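Let me begin by presenting the structure, written as structure tokens, before commenting on it.
In structure tokens:
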């Protein structure tokens, strides 16, 4: 199911038409029929990107619709659970808690219960000890004396805990992270996380199409601010 | 009508007084009586700047009030329709859709029907082919291999479609864009769009006063981050 | 009272568990039991930082809870009144007005009346004339011709009025300002305001711990964008 065939969407388009017939047409013809169907990024990935952008920007009005679309597009409830948790750290606790308020209603309506959700304590994915030690040493050297607490939780809670939870693949976790960074204009963190995303399996053409998709959901300026950084990452990886 | 004489405003000021008598006084004496009456920017322009800032920041609480003020200040329903559509692209789809939810209620209350709104399909303003070809070539060269989709839609949907819609003058479309950029801290895009705004007829003293007005609606830090870029644009155009 | 013993919190944690048992556990074990109890920043200061972050980001969902926590942690109603007013200028009027909507309900429930709030007109703290003249001269030289209005209100309303109101200590006013800057990614303004905060009595270890606290409430990326600037301020002051 694409967003265009969602049962509530005809109503939503009518509401948009009450204010802007042009926006209704851009929504149905350009965004939903055309952009969502572009081949360079799967509909499931577009759903992950969209949810990440909405939650990172606290745009809860559209969230019920896009949570349903995500579930219909093959994003599992367990993955949505992990996406919300991941964004508590990458977009802020209040954003995740606001998303919880919406998601639990959708989960209840679709009879998604506790047995479908990842437990609080799970067996972790194996840690790439060498890469993680290198990352931790760099951050400790740079910021150990600036904020010992940030350095501590970055290692212990983020990279030795959150990122190792198995119910969201590292590639998808990276997709969530990069989407949130572009969505909130956090250009400075894109280099590290886009490289990590591509190391985790996101292709260059997928990454470019993530930007196309995000242009519509977070606005052109956020995407144009990200593009020079993305370009630089692509160039350096190409060697 | 200034915002200060709006029928709901006495109530709003009383509510503010329940938490902060000082904020109520700054609101009535400094912001509404004084700033809105400053001569360097027309009340109609201030309404466009305010709406753009609120929609770009998804600040929907004040939107009903400021939509009514805008209509009273001479911003037409057709122009508001185009402002919302324009901001879908420059602030993100969810922001525009949230604004639709508010605006359709205001439009209904004021009996503004479909006949007052621009159609989805309109006769476009003439395109400045030379300037647009140059812009498109630069963007293609810079980012054609980073995100072909962004480059495609920037040309086909933004500059050869949205910007040519006639119901919002290019100067006002630029005013919306620049206001949204300052409101969301998108410093990197200000140089291009402020130059475009001034090419489209925004004067330097109006641009400076847009910053004064925005300081109150989007906070001093966004404006102080924009000022060095604005200064540089002014200097280069003078030089 | 820590946030964990708030009467509504058990419900809130149950709601989070409906979507993510992991997020509920991070919330109770890591954020509330551990981070809030860390010794480098008092619970009262953590409440000021949290309120500032929520208001600056317009995250009103959690605001009722954290307003109650702040009052329980020793932030007075008069101080909350001044924090909201201060953030009108440093995060934008609509953010302050949205906070008013929440705070007046909390104040009413706790029978906090007008007699506990600072008056609109108060006796100002003494002005450091030399430092303020220097600041005003620098801003006038840099931006006097860019936006005379911004320069005028920065001096007359911010530094010769708002900052001199006595019901929020300068050190706490600075804590609010720095928290809002980090919370909204306004990196460019951190140098001036962190120096001012430390001149006003915020210690280096408190400042580092403000970042730890904010990482959870505004997301890791905002904090990692701020850290190089904070590091530079610490180094220059030590040097």
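Residue numbers (our numbering), protein chains in the order written: chain A, 26 to 264; chain B, 26 to 264; chain C, 26 to 264.
All C-beta atoms, glycine included, are put in the ideal place defined by N, C-alpha and C.
A quick note: this is a predicted structure, and the numbers were derived from the prediction, not measured.
{"Asked": "Opening and closing residue of the alpha helix (DSSP H) in which residue 233 of chain C lies", "Found": "229–243"}
{"Asked": "Given 8 Å, three or more beta-carbon pairs between the segment 139–157 of chain A and the segment 104–121 of chain C", "Found": "no"}
{"Asked": "Given 8 Å, three or more beta-carbon pairs between the segment 198–217 of chain C and the segment 29–48 of chain C", "Found": "no"}
{"Asked": "Three-way DSSP call (helix, strand, coil) for residue 165 of chain B in this model", "Found": "helix"}
{"Asked": "Cα-Cα separation, residue 26 of chain A to residue 101 of chain B", "Found": "The predicted model places residue 26 of chain A with a pLDDT of 39, which falls under 50 and marks its position as unreliable; any figure quoted below should be read in that light. Near 38 Å, if we compare the C-alpha coordinates of residue 101 of chain B and residue 26 of chain A."}
{"Asked": "Run of the alpha helix (DSSP H) containing residue 216 of chain A, from where it starts to where it stops", "Found": "215–224"}
{"Asked": "Residue 45 of chain C beta carbon less than 9 Å from that of residue 142 of chain A", "Found": "yes"}
{"Asked": "is_contact[residue 34 of chain C, chain A] using C-beta, thresh 9 Å", "Found": "no"}
{"Asked": "Beta-carbon contacts of residue 130 of chain B that lie in its chain and below 8 Å, excluding the five residues immediately before and after", "Found": "89"}
{"Asked": "Residue span of the alpha helix (DSSP H) that contains residue 204 of chain C, given as start and end", "Found": "195–208"}
{"Asked": "C-beta contact flag for residue 220 of chain C and residue 103 of chain C at 9 Å", "Found": "no"}
{"Asked": "Closer than 7 Å at the beta carbon, the chain B residues around residue 240 of chain A", "Found": "175 and 178"}
{"Asked": "Three-way DSSP call (helix, strand, coil) for residue 144 of chain B in this model", "Found": "coil"}
{"Asked": "Chain C contact residues for residue 63 of chain B, given Cβ-Cβ distances below 9 Å", "Found": "174"}
{"Asked": "Listed by chain order, chain C residues near residue 115 of chain A by CB distance under 9 Å", "Found": "244, 245 and 246"}
{"Asked": "Proximity of residue 183 of chain A and residue 245 of chain C at Cβ, strictly below 9 Å", "Found": "yes"}
{"Asked": "Contact list for residue 256 of chain B against chain C, beta-carbon separation under 7 Å", "Found": "168 and 171"}
{"Asked": "Inter-residue Cα distance where the pair is residue 162 of chain A and residue 156 of chain A", "Found": "10 Å"}
{"Asked": "Buried versus exposed call for residue 43 of chain C [16 or more other C-beta atoms within 10 Å across all chains shown]", "Found": "buried"}
{"Asked": "Chain B within 9 Å of residue 249 of chain A, Cβ atoms only", "Found": "yes"}
{"Asked": "Per-residue DSSP class, three states only, for residue 80 of chain A", "Found": "helix"}
{"Asked": "Range covered by the alpha helix (DSSP H) that runs through residue 131 of chain B", "Found": "118–134"}
{"Asked": "Sub-9 Å separation of residue 123 of chain C and residue 48 of chain B beta-carbons", "Found": "no"}
{"Asked": "Minimum Cβ-Cβ distance from residue 214 of chain A to chain B less than 9 Å", "Found": "no"}
{"Asked": "Chain-ordered neighbours of residue 206 of chain A on chain C, where CB pairs are closer than 7 Å", "Found": "246"}
{"Asked": "Beta carbon proximity, residue 6 of chain B to chain A, threshold 9 Å", "Found": "The requested residue 6 of chain B is not part of the displayed model; chain B covers only 26 to 264."}
{"Asked": "Backbone CA spacing between residue 111 of chain A and residue 82 of chain B [nearest angstrom]", "Found": "24 Å"}
{"Asked": "Whether residue 21 of chain C touches residue 95 of chain C by CB criterion (9 Å)", "Found": "The displayed coordinates of chain C run from 26 to 264. Any statement about residue 21 of chain C would go beyond what the structure contains."}
{"Asked": "Within-9 Å CB hit, residue 83 of chain B to chain A", "Found": "yes"}
{"Asked": "At least 3 beta-carbon pairs within less than 8 Å: the segment 245–262 of chain A vs the segment 203–211 of chain A", "Found": "yes"}
{"Asked": "CB contact check: residue 160 of chain B to chain A, cutoff 9 Å", "Found": "no"}
{"Asked": "Test: residue 188 of chain C CB closer than 9 Å to a CB of chain B", "Found": "no"}
{"Asked": "Candidates B/213, B/79 and B/230: closest to residue 127 of chain B by CA position", "Found": "B/79"}
{"Asked": "Neighbouring residues, chain A, relative to residue 224 of chain C (Cβ below 9 Å)", "Found": "Under the 9 Å cutoff, chain A gives no residues; its nearest Cβ is about 19 Å from residue 224 of chain C."}
{"Asked": "Whole-angstrom distance between residue 211 of chain A and residue 186 of chain A, CA atom to CA atom", "Found": "23 Å"}
{"Asked": "Contact belief for residue 92 of chain C with residue 105 of chain C at Cβ below 8 Å, rounded distance in angstroms", "Found": "7 Å"}
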